[in-house]
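Okay, so the sequence shown: first residue is 1 according to our numbering, each after it adds one.
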Amino acid sequence: MILSGLKTWLETGQLFTTPGSLQYPEVVAERFRAFLPGGLTATVRSVTRPHGLPLAGGNAPVLHLVMPPWAGLGIHRTFGHRMPPMALLVLAALARREGWAVRFVDLNGESLPAEAPDLVGISVWTMLAPQAYELADGYRRRGVPVVMGGVHPSMLPGEALRHADAVVTGEAESVFARVLADAAGGRMGGVYQGSWDQMSVVPRVEEWTDLLEAAPTFRYLPRNTLQTTRGCRFNCDFCSVIRINGRGSRHRDPDEVVEELRVLRRRGQKFGPFFHVSFLDDDLAADLDFTAALCEAIVRSGVKMSWAAQASIGLAGDPALVKLVARAGCSVLFTGFESISRETLVECNKKNRPHLYGEALQRLHDHKILVEGGFIFGFDHDEPGVFDETVDFVDRIGVDAAHFSILTPLPGTQTFARMAGDGRIVSYDWGEYDLYHAVFTPARMSREQLQNGLWRAYRNFYSGSRRWRRWRRHVGMRLHPVVGTTITLTNADYGRLFRPKPGTRPRYVADPADMEALLATSSAPASQAITTAVSLLGTRAGVTAPPAPVSPVV
Numbered sequence: 001m002i003l004s005g006l007k008t009w010l011e012t013g014q015l016f017t018t019p020g021s022l023q024y025p026e027v028v029a030e031r032f033r034a035f036l037p038g039g040l041t042a043t044v045r046s047v048t049r050p051h052g053l054p055l056a057g058g059n060a061p062v063l064h065l066v067m068p069p070w071a072g073l074g075i076h077r078t079f080g081h082r083m084p085p086m087a088l089l090v091l092a093a094l095a096r097r098e099g100w101a102v103r104f105v106d107l108n109g110e111s112l113p114a115e116a117p118d119l120v121g122i123s124v125w126t127m128l129a130p131q132a133y134e135l136a137d138g139y140r141r142r143g144v145p146v147v148m149g150g151v152h153p154s155m156l157p158g159e160a161l162r163h164a165d166a167v168v169t170g171e172a173e174s175v176f177a178r179v180l181a182d183a184a185g186g187r188m189g190g191v192y193q194g195s196w197d198q199m200s201v202v203p204r205v206e207e208w209t210d211l212l213e214a215a216p217t218f219r220y221l222p223r224n225t226l227q228t229t230r231g232c233r234f235n236c237d238f239c240s241v242i243r244i245n246g247r248g249s250r251h252r253d254p255d256e257v258v259e260e261l262r263v264l265r266r267r268g269q270k271f272g273p274f275f276h277v278s279f280l281d282d283d284l285a286a287d288l289d290f291t292a293a294l295c296e297a298i299v300r301s302g303v304k305m306s307w308a309a310q311a312s313i314g315l316a317g318d319p320a321l322v323k324l325v326a327r328a329g330c331s332v333l334f335t336g337f338e339s340i341s342r343e344t345l346v347e348c349n350k351k352n353r354p355h356l357y358g359e360a361l362q363r364l365h366d367h368k369i370l371v372e373g374g375f376i377f378g379f380d381h382d383e384p385g386v387f388d389e390t391v392d393f394v395d396r397i398g399v400d401a402a403h404f405s406i407l408t409p410l411p412g413t414q415t416f417a418r419m420a421g422d423g424r425i426v427s428y429d430w431g432e433y434d435l436y437h438a439v440f441t442p443a444r445m446s447r448e449q450l451q452n453g454l455w456r457a458y459r460n461f462y463s464g465s466r467r468w469r470r471w472r473r474h475v476g477m478r479l480h481p482v483v484g485t486t487i488t489l490t491n492a493d494y495g496r497l498f499r500p501k502p503g504t505r506p507r508y509v510a511d512p513a514d515m516e517a518l519l520a521t522s523s524a525p526a527s528q529a530i531t532t533a534v535s536l537l538g539t540r541a542g543v544t545a546p547p548a549p550v551s552p553v554v
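Okay, structure coming up:
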C-alpha cells in the first residue's frame with residue numbers, strides 16, 4: 001500500500017487516484033474525438049494540464065510538435081522508463097533558431113491544443129504509425145500541413161506521404177531549416193533526406209529544457225535525458241539503428257556533455273539532493289575509449305549524480321573501466337543480452353558470450369550497478385523450452401529486471417528482408433509491431449507457443465517469490481534509497497502490466513504495393529537503406545533529396 005501510494009504520487013503529483021486513471025481523461029477524449037472522427041482507442045496517462053511555453057506573439061509562424069499516444073504495452077509504461085521524446089525536443093530547438101513559435105504536445109499526457117498551427121511535425125515509430133497517420137489526416141482535413149519523420153517514415157516514405165505533405169528521412173538537423181522555410185513559403189512537399197553530421201550540430205540541452213520545465217513535475221520519470229553518441233558499431237539483423245544513424249559512432253565532446261549536465265543539475269528534475277540523468281545513446285559502450293573519456297570528465301567536474309544508460313555487456317569485461325563508470329555515478333545499465341544461446345546470437349549477428357554473463361553481472365553488482373536485461377524470443381534456433389530456460393538462467397545469474405520481447409521484423413531491417421523474402425510474415429498491421437505480438441511464423445514452434453511463452457516468461461520471472469528474493473538482494477547491496485525504490489517499482493510494474501489483456505488497438509494494414517519497395521530497402525546495405533527507400537519513390541512524390549548521407553566518423 002505504501003509503495004502503491006508513493007508510485008501514484010511520483011507519477012501524478014497526487015497522493016490518491018481513481019480507478020481507470022490510465023484511460024483517456026474525458027476532456028482529452030472528447031477533444032481528440034472531435035479532432036479525429038471515430039477517435040482512437042489508446043491508453044494514456046491522465047494528466048491534462050497544459051504543456052509547453054506560451055506561444056510567441058507577433059507574426060511568428062507556429063509549429064506544433066506532436067507525440068502520438070502509445071497503445072497497448074511497452075517498456076515506457078514501467079516505472080523509471082517514462083522519458084520525454086528527445087527527437088521532438090531537438091526539433092523544437094531547431095525551429096526556435098529559425099524564428100518559429102513552438103508548442104511541444106505529448107498526447108500521452110495532455111490534449112491537443114485548441115489553436116490551429118501553421119505546421120505540424122510528428123515523429124513516428126512503426127508501432128505508432130496507426131495513431132500518427134490518423135492524427136496527421138485530422139490536421140490535414142483542417143488545412144494544416146504536416147511533416148513526418150522518424151524511423152518508420154524513413155523506411156516507408158511513400159506510405160507516410162499518403163498522410164503527410166512532407167517526410168524527413170534520417171537525421172533532421174541538416175534539413176529541418178529548409179523544411180521550415182519551405183513551409184513558410186507555401187512550397188513544402190516531398191522528401192527531405194538528412195545526412196549524418198557531427199554531433200556538434202545537435203542543439204544543446206539549454207535550448208529545449210524549458211519545454212520540460214513547463215510540464216507537470218512527474219510526467220516523465222526520468223525527465224533528465226541527454227544523448228552523447230549516435231550510430232552503432234554492431235550490425236544486429238533485427239535492429240534499425242545503423243540504418244537511421246549509421247555504422248560507427250559520432251560523439252559529443254565530453255567537456256560539452258559535462259556543461260549540459262551542469263544545466264540539468266540547475267534546472268532539471270531532482271529529488272532533494274538526488275540528481276539522476278538517463279543517457280539515451282543506443283550503446284554508450286560502443287566506443288570504450290569514449291566511455292572512459294566521458295566518465296573521466298564527469299569525475300573531474302565534481303558533478304554529483306546518478307545515471308543510467310544502454311550499454312553492451314562488453315563494458316563489464318574491463319574491471320578498471322567498471323570502477324571508473326561507478327565513480328562517475330552509474331547506477332543502472334540496460335543491456336541487450338538478447339539470448340542465452342550462442343547459436344541464436346550467431347544467427348542474429350550478435351557478439352555476446354552467454355557463458356560470461358554471470359561474471360559480468362557480478363562485477364557490476366560489486367560496484368552497485370544494477371542491470372536490466374533485454375531478451376528476445378522467436379529466433380530460428382529457439383524451441384518451446386527456451387522461455388523457461390531463459391527465465392531460470394536470468395534469475396540465477398542475478399539480472400535485476402528483465403524485458404522480454406518477441407522478435408519483430410521491423411521495416412528496414414535484415415530480419416524483415418529475410419522473413420518477407422521467405423514468405424513467413426503473416427501480419428503487416430503496423431499496430432502489432434510493438435515487440436509483443438508474433439507477426440511471423442517461427443521456425444521451431446507455433447505462433448501460439450511463441451505468444452504464450454512470452455507471457456509465461458513474464459509471469460515466472462516476476463513471480464512473488466522471485467521478486468522477494470530480488471528485493472532482499474537489493475537491500476543487501478545498500479543502494480541509494482531512490483535507486484532501490486525505483487528498481488522495486490520497476491519489477492512491480494513488469495509483473496503487473498505485462499500479461500495478455502483483451503481489447504482493441506489502432507490498426508493500419510500496409511498497402512501490398514509498398515512491400516516490394518520495402519523489401520528492397522530492407523535488403524540494401526545498412527548505409528544505403530534510406531537512399532534506397534527514397535530512390536524507389538522516383539518523381540511521383542516530388543522528392544527533394546540532397547546527396548547521399550556521408551559516412552559517420554568512427
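Built from N, CA and C at the ideal position, the CB exists for glycine as well.
Cβ-based neighbour list, residue i, same chain, cut-off 7 Å, excluding 5 preceding and 5 following
i    : result
L294 : T228, P254, V257
F387 : F377, G453, R456, A457
I487 : L370, D400, A401, H474
T490 : T78, F79, G80, A401
R31  : The predicted position of R31 is uncertain, since its pLDDT is 31 and thus under 50; a value taken from the coordinates is nonetheless stated next. Excluding positions up to five away in sequence, the list reads S111, L112.
I425 : P409, M419, V439, F440
P203 : V90, A93, L94
6 Å CB neighbourhood of residue i in its chain, flanking five on each side removed
i    : result
L361 : V371, I397, G398
P61  : W100, D118, A184
Q414 : D237
G484 : H474
A438 : I406, R447, L450, Q451
A308 : S278, V332
H403 : I75, G374
R327 : V299
P54  : Annotation note: pLDDT 39 at P54 (below 50); position unreliable, no value reported.
W208 : L89, A92, A93
Classification of residue i by the beta-carbon crowding that lies within 10 angstroms, buried from 16 upward
i    : result
V179 : buried
R250 : buried
D287 : buried
R200 : The sequence shown places Ser at residue 200, not Arg. Label assigned to S200: exposed.
A320 : exposed
W196 : buried
E260 : buried
V147 : buried
F334 : buried
E448 : exposed
D283 : buried
H566 : Nothing can be reported for residue 566: it is not among the residues displayed for the chain, which extend from 1 to 554.
E26  : In this prediction, E26 has a pLDDT of 33, which is less than 50 and means its spatial position is unreliable; what the coordinates show is noted afterwards. Its Cβ having fewer than 16 others within 10 Å, E26 is exposed.
Alpha helix (DSSP H) segment containing residue i, residue limits
i    : result
C330 : Note, C330: premise wrong, no alpha helix (DSSP H); beta strand (DSSP E) at 330-338.
L88  : 86-97
S341 : Element bounds for S341: n/a, residue is neither H nor E.
P113 : It is not in any alpha helix (DSSP H) - P113 carries neither H nor E in the DSSP assignment.
A293 : 288-301
D388 : 386-397
W468 : 464-476
E213 : 209-213
K535 : The residue you asked about is not Lys; residue 535 is Ser in the sequence shown. Residues 529-535.
I487 : 481-497
A326 : 319-327
Neighbourhood of residue i by C-beta, 8 Å cutoff - its chain only, sequence neighbours within 5 removed
i    : result
E383 : R444, M445
L536 : G158, A517, A520, T521
Opposing strand residues paired with residue i [DSSP bridges]
i    : result
Q310 : F334
S405 : I376
D429 : V509
C239 : The partner list for C239 (beta bridge, DSSP) is empty, contrary to what the question assumes.
L226 : F279
K270 : F275
F440 : I425
H251 : T229
V371 : L333
L221 : R82
N-terminal and C-terminal residue of the beta strand (DSSP E) that residue i is part of
i    : result
R103 : 101-106
L410 : Note, L410: premise wrong, no beta strand (DSSP E); not H, not E.
H64  : 62-67
Residue i Cβ short of 7 Å to the ligand SAH heavy atom set
i   : result
A92 : Of ligands this structure carries none, so the ligand SAH is not represented either.
**Q.** Residue ranges of each beta strand (DSSP E) within the stretch 120-200, 3 or longer
**A.** Listed in chain order, the beta strand (DSSP E) runs fully inside the stretch 120-200 are 146-149, 166-169, 190-193, counting runs of at least 3 residues.
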